[in-house]
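Input: a single structure, listed below in structure tokens.
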Amino acid sequence: MHTEPPAAPLQPMARSAEKSDVLVSAVMSTYLLTHLHHVLQRAEFGALRDGRQAMARNYAQLRKVLCMDARTMQDASAMEIREDLAA
22 MHTEPPAAPL QPMARSAEKS DVLVSAVMST YLLTHLHHVL QRAEFGALRD GRQAMARNYA
82 QLRKVLCMDA RTMQDASAME IREDLAA
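Take the sequence shown: its position 15, counted from the start at 1, is 36 in our numbering, and no numbers get skipped.
Shown next, in the form of structure tokens:
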């Protein structure tokens with residue numbers, strides 16, 4: 022009989038902005054970001070429909086952060102291209 026070791030207790034998530042800022046889009050394709058945006062949008066609407074406003078706000082905020090992060094990454098890529106052309 023195989024028994025698994027007990028799971029480690031969950032650690033609380035860090036609340037500081039310094040520890041939680043992550044450039045998620047740096048490792049995600051545009052397709053995946055678009056798909057995740059749609060998934061979060063459907064989850065937000067479902068939460069609103071079910072009367073879970075706090076959860077809907079969380080989904081909306083996450084979508085907003087992903088969109089801003091994707092734009093920042095796109096802008097940075099465009100700047101690199103311009104720098105390469107100028108050289």
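Glycine is no exception: its CB is placed at the ideal position from the N, C-alpha and C atoms. These numbers were taken from a predicted model, which means no experiment stands behind them.
Cα atoms of Leu83 and Tyr52: separation of roughly 17 Å, rounded to the nearest angstrom.
DSSP, reduced to helix, strand and coil, places Gly72 outside both helices and strands of the structure shown, so it counts as coil. Counting only the Cα atoms, Met89 lies some 23 Å from Gly67. Between the alpha carbons of Ala81 and Arg73 lies a gap of roughly 12 Å.
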